[in-house]
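Engineer:
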Amino acid sequence: MPLHPLARDSPIPIIPVIDLMGGKVVRAIRGDRANYRPWHSHVCPTADPLEAAANLTAMTGQRRLYVADLDAIAGDRTTNAEIVHRLAAKYDLLLDPGIRTAADAASLPELGNGQLVVGSETLADWETLAMLAEDRPNGVAFSFDLRGGRLMGSAREAISPGEAASRVSDSGVLDVIALELEQVGTASGPNSLIESVTGVRDALPRVELMAGGGIKILGDIRKLAELGCSASLIATALHDLR
């Protein structure tokens, strides 16, 4: 597939996103996973993850690919395991496999130049984050999983990204993601995401910051770049060829 106009003109890299459920690429909308369905688009007409990965990386000119294993996030680590291994062998994955404890990382494939994503939604405690950040060859990326600007997850002692950032800083994590689930799949523009990105950037001025949720036009990406983001995470705008 030809390079997407967003990727061609973007001031920062676009990392395409794949949400895996039941062995298929699913269309994520507002984090309402009970209603996610296989995604049939020009990019992945059969909802096949390997086909989608090939097309998305061609469209963005990236070897990097963000993969959320939604079954693993829900507690099922077997359904998508083979697909994740195959993707990890070919791409530089940002992989969110629903890490709760350090033991969850033991069965994961080698990620090479890729990176493990530890999401606030599933993380059991901040000590696990620090342990993984130290033990993994490329460290980890911590994901501020947000819903309406509020941090999701059982490990949080505070509900704002700014307050939780001190815990992330103490853990030694150097890469973070701001992901606004309320805007995912809506193509509504990254309204509350921008507020959260501002809070995270102010609290963690030296980290590499990626962001996703609702991005639909080049102006959205430019705004995130102005706020200090080093990459954007996009699915819907690519699939819809917007």
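In this note's numbering, the protein residues as written are 240 to 481.
Even glycine gets a Cβ: it sits at the ideal position worked out from N, Cα and C.
In chain order, which continuous runs of the alpha helix (DSSP H) of length 4 or greater are located wholly inside the stretch 263 to 294?
Structural biologist: Segments of the alpha helix (DSSP H) lying fully in the stretch 263 to 294: there are none.
Engineer: Would a C-beta distance cut-off of 8 Å place Glu349 and Leu385 closer than the cut-off?
Structural biologist: No; because the gap between Cβ atoms is not below 8 Å, this pair is not in contact.
Engineer: Which two residues bound the contiguous alpha helix (DSSP H) that contains Asp441?
Structural biologist: Segment Asn430 to Ala442, the alpha helix (DSSP H) holding Asp441.
Engineer: Any Cβ of chain D within less than 8 Å of the Cβ of Asn377?
Structural biologist: Among the chains of the structure shown, chain D does not appear; only one protein chain is present.
Engineer: Run through the DSSP bridge pairs and tell me what Ser382 is partnered with.
Structural biologist: The partner list for Ser382 (beta bridge, DSSP) reads Gly358 and Ile416.
Engineer: Would you list the residues sitting across from Arg302 in a DSSP beta bridge?
Structural biologist: None; Arg302 has no bridge partner.
Engineer: Would you mind stating whether Cys283 and Asn294 have Cβ atoms separated by less than 8 Å?
Structural biologist: Contact: yes.
Engineer: Report the three-state DSSP secondary structure of Val423 (helix, strand or coil).
Structural biologist: Looking at Val423 - three-state DSSP - the assignment turns out to be coil, as it is neither helix nor strand.
Engineer: Grouping DSSP H, G and I as helix and E and B as strand, with all else coil, what is Arg375?
Structural biologist: Coil.
Engineer: Can you give me the Cβ contacts of Val407 inside the same chain, cut-off strictly under 6 Å, excluding the 5 residues immediately before and after it?
Structural biologist: Excluding positions up to five away in sequence, the list reads Phe381.
Engineer: Could you give the C-beta distance for Ala417 and Val439, rounded to a whole number, given that I count them as a contact under 8 Å?
Structural biologist: Their Cβ separation, rounded to whole angstroms, is 5 Å, which keeps Ala417 and Val439 in contact under 8 Å.
Engineer: Could you give the C-beta distance for Leu362 and Arg339, rounded to a whole number, given that I count them as a contact under 8 Å?
Structural biologist: Indeed they touch by this definition, with Cβ atoms about 7 Å apart.
Engineer: Looking at the strands, I want to know which residues DSSP matches up with Pro244.
Structural biologist: Answer is none; Pro244 lacks a bridge partner.
Engineer: What are the complete alpha helix (DSSP H) segments, minimum 4 residues, inside the stretch 305 to 336?
Structural biologist: Those alpha helix (DSSP H) runs which fall completely within the stretch 305 to 336 and span 4+ residues are 309 to 312 and 320 to 329.
Engineer: In the DSSP output, what is Met449 paired with across the bridge?
Structural biologist: According to DSSP, which records beta bridges pairwise, Met449 is partnered with Ile416 and Ala470.
Engineer: What separation, rounded to the nearest whole angstrom, lies between the Cα atoms of Asn377 and Ile456?
Structural biologist: When rounded, the distance between both Cα atoms is 31 Å.
Engineer: Give me the residue from Leu259, Ala246 and Ala342 with the minimum Cα distance to Thr367.
Structural biologist: Considering only alpha carbons, the answer is Ala342.
Engineer: On the three-state DSSP scale, how would you describe Asp364?
Structural biologist: Note: Asp364 maps to coil in three-state DSSP.
Engineer: Alpha helix (DSSP H) containing Leu477: first to last residue?
Structural biologist: Residues Thr475 to His478.
Engineer: For Pro288, is the classification buried or exposed, using 16 other Cβ atoms within 10 angstroms of its Cβ as the cut-off for buried?
Structural biologist: Result: buried.
Engineer: Rounded to whole angstroms, what is the Cα-Cα separation between Glu373 and Glu290?
Structural biologist: The alpha-carbon atoms of Glu373 and Glu290 are separated by roughly 34 Å.
Engineer: With C-beta atoms as the reference, is Leu472 less than 8 Å away from Ala450?
Structural biologist: Yes, Cβ-Cβ distance for Leu472 and Ala450 is below 8 Å.
Engineer: So, are the CB atoms of Leu207 and Ile253 less than 8 Å apart?
Structural biologist: The structure shown has nothing for residue 207, since the chain only spans 240 to 481.
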